[in-house]
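So the sequence shown is residues 883 to 1040, counted in our numbering. Note that beta-carbon positions come from the ideal geometry of N, C-alpha and C, so glycine has one too. Quick notes on the structure that follows.
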Amino acid sequence: MAKGIVIYYSRSGNTKEMAEIIAKAMNEADLPTDCKSVDKVKAKDLLDYDAIVIGSPTYYGHMAGPIKELIDETVAFHGGLDGKVGAAFSSAGNIGGGNETTIMGIIEAMLIAGLTIQGDPQGDHYGPVSIGKPDDRVREQCRRRGRRIAELTKKMLV
Ligand SMILES: Cc1cc2nc3c(=O)[nH]c(=O)nc-3n(C[C@H](O)[C@H](O)[C@H](O)COP(=O)(O)O)c2cc1C
């Protein structure tokens, strides 16, 4: 059976809160999904999942170091993630603070690894973004993204 994982790095809890909402929505949309802090994930664990969702706080317009380290460690099985579904999200301190460049950085790495990424014409286009603590708008975007990832993953495995 297909399964997903939401991986996050979070110092003050904002990205973690987004991760938990996305994972809950994926589970509720019938894609069994784990939600783990990046320090609890080994790169090779990613091989076990059909959908890989990664969230990071925006640090100087980029993903945080521990997320980049995890991605870099996947070089040990480069090509092994080909065809899985990917998605990304980010929390930042400020509007215009670089959360979309953070998401795009994660998505660029996912594309190189062969993951399939779906944008969103109505919701947050590249992936959910939050300014500080998630508000109602962000929570809805996270639920929406979680549902969409689950639907796409199940469709691709038919
Ligand atoms: C090292 C560092 C760099 C940061 N760089 C940015 C930045 O470039 N733009 C921005 O808007 N916020 C920046 N922030 C703020 C965080 O992205 C923001 O507080 C985020 O919500 C933290 O997520 P967390 O609660 O999951 O740790 C930075 C914070 C830290 C600690």
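Kindly indicate the opening and closing residues of the beta strand (DSSP E) around residue i.
i     : result
V1011 : 1011-1013
I934  : 933-939
K918  : 915-919
G961  : Segment: none, G961 is in no beta strand (DSSP E) and carries neither H nor E.
I889  : 886-890
Can you tell which of the options has the C-alpha that lies nearest to the C-alpha of residue i?
i    : options                 : result
L929 : G961, E902, G943        : G961
Y931 : M883, Y1008, I903, G943 : M883
E955 : P1003, A995, D912, E902 : A995
P916 : I934, I999, E899        : Looking at the sequence provided, one finds Asp at residue 916 rather than Pro. Cα-wise, what sits closest to D916 is I934.
G965 : T940, M945, A911, L993  : L993
A946 : L963, L913, G980        : G980
T940 : R1026, S1012, A925      : S1012
V923 : M986, A991, K950        : K950
M908 : M900, D927, G886, I989  : G886
Quick one: using the 10 Å Cβ neighbour count with 16 as the cut-off for buried, is residue i buried or exposed?
i     : result
A958  : exposed
G1014 : exposed
L952  : buried
D921  : exposed
N976  : exposed
Taking the alpha helix (DSSP H) that residue i falls in, what are its first and last residues?
i    : result
T984 : 981-994
L952 : 947-955
Could you give the distance in angstroms between the alpha-carbon of residue i and the alpha-carbon of residue j?
i     : j     : result
A970  : G937  : 5 Å
N896  : S973  : 6 Å
P1010 : V1020 : 7 Å
I889  : C1024 : 14 Å
D1002 : E1022 : 14 Å
V967  : L997  : 5 Å
T984  : K898  : 16 Å
I999  : E902  : 20 Å
R893  : T1035 : 29 Å
A925  : P948  : 12 Å
G1028 : I904  : 5 Å
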